[in-house]
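Heads up, the sequence shown is in my numbering, so the first residue is -15 and it goes up one at a time.
Even for Gly, the Cβ is constructed at its ideal location relative to N, Cα and C.
Computed from a predicted structure; not experimentally measured.
Heads up, the thing below is written out as structure tokens.
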Amino acid sequence: MWKFRNLPSWPYLKWMTDMQQQRGMSMISVLIILVGVALLLKAAFGLFSMYWDHKMIGTILEKMHSNPDERSEVRPAQLKRIIQERLDSNNIDVDMSGLTFRPAQNGVQMDWQYEMRRTWLGNVDLVVTFNQSQEFRQ
């Protein structure tokens, strides 16, 4: 009878043969990873569009601040109307209820706290809050 001294025990050999039969990820694992990546991409595109709109609102306010024709109109009602017109022309839908004006030294200080919502998945929304502040001088 032959004796092999350095061979591992039987359960170890069975485990090694089972490991050699496995070849990569299963189809279910690949599908789960693809669904996860798709959900992350959908969230990233939703957040990107909200931050892009926020940047556009900042650009609109900066151009209003530097435009001499609109600096002469520092009454809050007129500023609100101009801001709304520019938002409409850029297809930006933002709630104007958080827009407040208060007197400043040489004009009006505008503070605007707003939030943007995008539907992410079913009844789950992505919500981001922003704050803009701009001083309009005469």
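Approximately 11 Å separates the beta-carbon atoms of residue 108 and residue 101; this is outside 8 Å, ruling out the contact. The alpha carbon of residue 44 has as its nearest neighbour, out of 72, 15, 19, 87, the alpha carbon of 72. With 16 or more other CB atoms across the displayed protein chains lying within 10 angstroms of its CB, residue 37 is buried.
Taken through DSSP and simplified to helix, strand or coil, residue 10 comes out as coil. A straight-line Cα-Cα distance of about 39 Å links residue 13 and residue 39. About 20 Å separates the CB atoms of residue 91 and residue 69; that is not less than 8 Å, and the two are not in contact.
The beta carbons of residue 94 and residue 116 sit closer together than 9 Å. When the beta-carbon positions are compared, residue 97 and residue 114 come within less than 9 Å of each other. Judged by beta-carbon spacing, residue 78 lies within the 9 Å limit of residue 41, meaning their Cβ atoms are closer than that value.
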